[in-house]
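> This is the structure I have questions about; it appears just below.
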DNA sequence: CTGAAAGCGCTTACAG
DNA sequence: CTGAAAGCGCTTACAG
């Protein structure tokens, strides 16, 4: 088969100059309408597509966004955080809708991603999706800023004000979850999830939890908080630690659904009934949540909307427009793990 | 901040020509080792990255793969087939391991994707992931072939021999699933899923099912087969149709986990006990499968391995190497929905 | 409205 | 081992 058609081939066939072809294909009003249409027809016939490399090189942009998904290094290779997967879906769609392409890459937090895509002119902007330990890559973000890269990070507000972050209101989510459990009559609510500043999102959920307790006059009991990272195994382990501690509790709010599912497994194994003896509320509303047994009451983050906002924001950054921090409201999804009287599917 | 460094900047600092810089950065042995190292050091210091657009334009390749995920148009926008998501994860990793970038795009089967990425020189090859109705895009594949595009499709063997497909052995999967149910003493096994050639993967699972029945002297009863596409809702509906038909059955094998989950919901709603009265086996082993209630016995496709093979295959195609059709073995994951005596987590 | 020309930043034959 | 030069396929200021 013949090699790809170029604008010169079209120019030859149309009997005009290559410049005119280029203009016509970009639908420039400078070109006579009739000529334009003729050229476009030929292009279509030849199945011509503008060479993006040449075009990008010349225009100095790529009409491409890069999505870097930074995983917990502790996470099993084969198991991507389902919440990210969902975000990926919505980001892909939103990017396409804006006429951009999306380069996707999974990164270990440890690797040297700080300067790759935008530097090599493959992407005009970067979206960072990462749950784990933000401290670890603070200096990498600094590097991005220093280099004037256009990027948005998903998650908690960053202490470096130059970093644009878009995320769900974790504090509100934590507050609502705990408020719900309190409303159901629970008094001793444990929290499973890292509460340190190393996991700002989990920490904010924890702080919301603490505030909800305080708003009804209950002081958070540190014995009821146990660290866990975002895996089922970690939730299983943390619940066992909690159980072993002998401290009384009648409910658990976990920093993620995966943790909740692990915790429920631990509770069941010890013969603790969920929700009769211990109510559980998770966070994320991953697909598995509604199929857990009992079905998980959880805090839903609207990934569809979040993806759109994320894409829209990088694009604004790229265009030099004003963008601001943004907190997306979460909402409670009541199923049966909390003991509220709801019929599951 | 200053604009991006180019090879000329480096040449200037190093006191050599730009050509030498280019060679040195590609680690050409033609360049004196010492000079090479000096240049590389300067490049590092300036945080220089080769401009991919320029490089690709010159080299006429992109070191990029495109992944087109073609969704069932019937599928809800927000809900991506979890199996694809899993494939996406493994393909992303495999691509990165090979030093390629991955462009991801979700496509409606209806849209005009046939000529995009490779034509515009954005990708060297394409991986097609699509469950739905292959007939619909047969002519698009023809177009790809005609244009000499490097691509692999995931799924059933294609009747057009020029199409390279990599997929799991659906016939074997269907056979093993049904064999398992037969082994548990079930005699009237229904099949939920499209059995027409419009869904070659589902059809092959069905044929495996039929063959397993025949191998024990049972003739497949067409009254026990009901069409369903790959959604929970469709499975719910198909199970109801089956139930309404009044035909006796003691087990269901479904063409996908999503269908199985919908079917179980329908059975439960009618007061049919799973697995006591009706055993169920699904297909795919999506993450939700182990959390379904009862936990789903299913046929697992090794997405990790499949992703690697897929990437490896396009790459071979690109390099002009020999590649052949490939069927990946599936295996049975026994949980409790089939009634086998297994303890779930 | 159209064309000739420059140039985006590389890679690589060609000549030394 | 190194440099000068061509050229990948576009876009766009400049001149008409």
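Residue numbers (the numbering used here), protein chains in the order written: chain R, 2 to 346; chain F, 2 to 346.
Note that beta-carbon positions come from the ideal geometry of N, C-alpha and C, so glycine has one too.
(1) Chain R partners of residue 122 of chain F, CB-CB under 7 Å?
(2) What does DSSP give as the partner residue(s) for residue 227 of chain F in the beta ladder?
(3) Compute the distance between the beta-carbons of residue 293 of chain R and residue 152 of chain F, then report whether it is under 7 Å.
(4) Whole angstroms are fine: how far does the CA of residue 309 of chain F sit from the CA of residue 71 of chain R?
(5) Do you know offhand how far residue 260 of chain R's Cα is from residue 211 of chain R's?
(6) My parser needs the alpha helix (DSSP H) runs of 4 or more residues fully inside the segment 236-278 of chain R; what are they?
(7) Using the Cα positions of residue 277 of chain F and residue 198 of chain F, report the straight-line distance between them to the nearest angstrom.
(8) For residue 249 of chain F, which option in F:192, F:216 and F:322 has the closest C-alpha, if you only look at C-alpha atoms?
(9) According to DSSP, is residue 143 of chain R helix, strand or coil?
(10) List the endpoints of the continuous beta strand (DSSP E) containing residue 85 of chain F.
(11) Consider the C-beta atom of residue 94 of chain R and the heavy atoms of the ligand ATP; say whether any pair is separated by less than 6 Å.
(12) Counting C-beta neighbours from all protein chains within 10 Å, is the total for residue 9 of chain R 16 or more, i.e. buried, or is it exposed?
(13) Let me know the secondary structure DSSP gives residue 106 of chain F once reduced to three states.
(14) Using the rule of at least 16 other Cβ atoms within 10 Å of the residue's Cβ for burial, across every protein chain shown, is residue 30 of chain F buried or exposed?
(15) Taking residue 94 of chain R as the query, report the chain F residues whose CB atoms sit under 7 Å from its CB, ordered along the chain.
(16) Just mark residue 332 of chain F as buried or exposed, buried being the case when its beta carbon has 16 or more other beta carbons within 10 Å.
(17) Listed in chain order, which residues of the segment 279-302 of chain F have Cβ atoms closer than 7 Å to some Cβ of chain R?
(18) Using three-state DSSP, classify residue 337 of chain R as helix, strand or coil.
(19) Which whole-angstrom value is the C-beta distance of residue 129 of chain F and residue 154 of chain F, which I expect to be below 8 Å?
(20) Within 7 Å of any Cβ in chain F, is that where the Cβ of residue 86 of chain R sits?
(21) Looking only at DSSP bridge pairs, what is residue 332 of chain F linked to?
(22) Any Cβ of chain F within less than 7 Å of the Cβ of residue 58 of chain R?
(23) In angstroms with no decimal places, state the Cα-to-Cα distance between residue 63 of chain R and residue 58 of chain F.
(24) Check the Cβ of residue 102 of chain F against every Cβ in chain R and list those closer than 9 Å, keeping chain order.
(25) Cα-Cα, which of F:339, F:341 and F:313 is closest to residue 127 of chain F?
(26) Tell me the rounded alpha-carbon separation between residue 305 of chain R and residue 170 of chain R.
(27) According to DSSP, is residue 324 of chain F helix, strand or coil?
(28) When you compare the CB positions of residue 85 of chain R and residue 93 of chain F, do they come within less than 7 Å of one another, or not?
(29) Along the chain, where does the beta strand (DSSP E) containing residue 174 of chain F start, and where does it finish?
(30) Using only alpha-carbon positions, find the residue among R:329, R:65 and R:52 that is nearest to residue 316 of chain R.
(31) Let me know the secondary structure DSSP gives residue 36 of chain F once reduced to three states.
(32) Should residue 37 of chain F be labelled buried (16 or more other beta-carbon atoms within 10 Å of its own) or exposed?
(33) Compute the Euclidean distance between the alpha carbons of residue 41 of chain R and residue 25 of chain R, then round it to the nearest angstrom.
(34) Compute the Euclidean distance between the alpha carbons of residue 244 of chain F and residue 270 of chain R, then round it to the nearest angstrom.
(35) Which of the three DSSP states is assigned to residue 15 of chain F in this structure?
According to the data block:
(1) Translated into the one-based positions of the second chain, residue 122 of chain F becomes position 121. Chain-ordered, the chain R residues with CB closer than 7 Å to the CB of residue 122 of chain F read 52, 53 and 54.
(2) Start at 1 with the first residue of the second chain, and residue 227 of chain F comes out as number 226. Answer by DSSP bridge pairing, in chain order: F:193.
(3) Taking the first residue of the first chain as 1, we reach residue 293 of chain R at position 292. Taking the first residue of the second chain as 1, we reach residue 152 of chain F at position 151. The answer is no: Cβ separation not under 7 Å.
(4) Taking the first residue of the first chain as position 1, residue 71 of chain R is located at position 70. Taking the first residue of the second chain as position 1, residue 309 of chain F is located at position 308. Each residue's alpha carbon lies about 20 Å from the other.
(5) Your numbering for residue 260 of chain R matches position 259 in the first chain. Your numbering for residue 211 of chain R matches position 210 in the first chain. Residue 260 of chain R and residue 211 of chain R: Cα-Cα distance of roughly 19 Å.
(6) 258-270
(7) For the purposes of this step, residue 277 of chain F is identified with residue 276 of the second chain, where counting begins at 1. For the purposes of this step, residue 198 of chain F is identified with residue 197 of the second chain, where counting begins at 1. Distance between the alpha carbons of residue 277 of chain F and residue 198 of chain F is about 33 Å.
(8) Along the second chain, read from residue 1 onward, the residue named residue 249 of chain F stands at position 248. Minimum Cα distance to residue 249 of chain F is reached at F:192.
(9) Indexing the first chain from 1 puts residue 143 of chain R at position 142. Three-state DSSP puts residue 143 of chain R in a helix.
(10) Stepping through the second chain from its first residue, residue 85 of chain F is reached at position 84. No beta strand (DSSP E) holds residue 85 of chain F; the alpha helix (DSSP H) holding it covers 83-98.
(11) Absent from the structure shown: the ligand ATP. Ligands present: none.
(12) Numbered from 1 along the first chain, position 8 holds the residue referred to as residue 9 of chain R. Exposed, since its Cβ has fewer than 16 Cβ neighbours within 10 Å.
(13) Counting from one through the second chain, the residue named residue 106 of chain F turns up at place 105. Here residue 106 of chain F sits in strand by DSSP.
(14) The residue you call residue 30 of chain F lines up with position 29 of the second chain. It is exposed - the Cβ of residue 30 of chain F has fewer than 16 other Cβ atoms within 10 Å.
(15) Here residue 94 of chain R refers to the residue found at position 93 when the first chain is read from its first residue. Within chain F, the residues near residue 94 of chain R are 107.
(16) Taking the first residue of the second chain as 1, we reach residue 332 of chain F at position 331. With a 10 Å radius around the Cβ and a threshold of 16 neighbouring Cβ atoms, residue 332 of chain F comes out exposed.
(17) 288, 289, 292, 293 and 294
(18) Locating residue 337 of chain R in the first chain gives position 336, where the first residue counts as 1. In this structure, residue 337 of chain R counts as coil in the three-state DSSP scheme.
(19) For this step, residue 129 of chain F is matched to residue 128 along the second chain. For this step, residue 154 of chain F is matched to residue 153 along the second chain. That pair is a contact at about 4 Å.
(20) Numbered from 1 along the first chain, position 85 holds the residue referred to as residue 86 of chain R. So yes, residue 86 of chain R belongs to the interface.
(21) For the purposes of this step, residue 332 of chain F is taken as the residue at position 331 of the second chain. According to DSSP, residue 332 of chain F bridges with F:301.
(22) Residue 58 of chain R sits at position 57 when you count from the first residue of the first chain. Interface residue, yes.
(23) On the first chain, residue 63 of chain R is found 62 positions in, with the first residue counted as 1. On the second chain, residue 58 of chain F is found 57 positions in, with the first residue counted as 1. Looking at the two C-alpha atoms, the distance is approximately 13 Å.
(24) As a position in the second chain, residue 102 of chain F is number 101, starting the count at 1. The contacting residues are 67, 104, 105, 106, 118 and 123.
(25) Position 126 of the second chain holds residue 127 of chain F. Closest option to residue 127 of chain F, Cα to Cα, is F:313.
(26) Counting from 1 along the first chain, the entry for residue 305 of chain R is found at position 304. Counting from 1 along the first chain, the entry for residue 170 of chain R is found at position 169. Looking at the two C-alpha atoms, the distance is approximately 15 Å.
(27) Numbered from 1 along the second chain, position 323 holds the residue referred to as residue 324 of chain F. Reduced to three states, the DSSP call for residue 324 of chain F is coil.
(28) Indexing the first chain from 1 puts residue 85 of chain R at position 84. Indexing the second chain from 1 puts residue 93 of chain F at position 92. No, Cβ-Cβ distance for residue 85 of chain R and residue 93 of chain F is not below 7 Å.
(29) For this step, residue 174 of chain F is matched to residue 173 along the second chain. Counting along the chain, residue 174 of chain F falls outside any beta strand (DSSP E), though it belongs to the alpha helix (DSSP H) covering 171-184.
(30) Taking the first chain and counting its residues from 1, one reaches residue 316 of chain R at position 315. Of the candidates R:329, R:65 and R:52, the one whose C-alpha sits nearest the C-alpha of residue 316 of chain R is R:65.
(31) As a position in the second chain, residue 36 of chain F is number 35, starting the count at 1. Of the three classes helix, strand and coil, the one that applies to residue 36 of chain F here is helix, per DSSP.
(32) On the second chain, position 36 is the one that residue 37 of chain F refers to. It is buried - the Cβ of residue 37 of chain F has at least 16 other Cβ atoms within 10 Å.
(33) As a first step, residue 41 of chain R must be located in the first chain, where it is residue number 40. As a first step, residue 25 of chain R must be located in the first chain, where it is residue number 24. Cα to Cα, residue 41 of chain R sits roughly 7 Å from residue 25 of chain R.
(34) Residue mapping note: residue 244 of chain F aligns to position 243 of the second chain, counting from 1. Residue mapping note: residue 270 of chain R aligns to position 269 of the first chain, counting from 1. Distance between the alpha carbons of residue 244 of chain F and residue 270 of chain R is about 35 Å.
(35) Here the question's residue 15 of chain F lines up with position 14 in the second chain. Three-state DSSP puts residue 15 of chain F in a helix.
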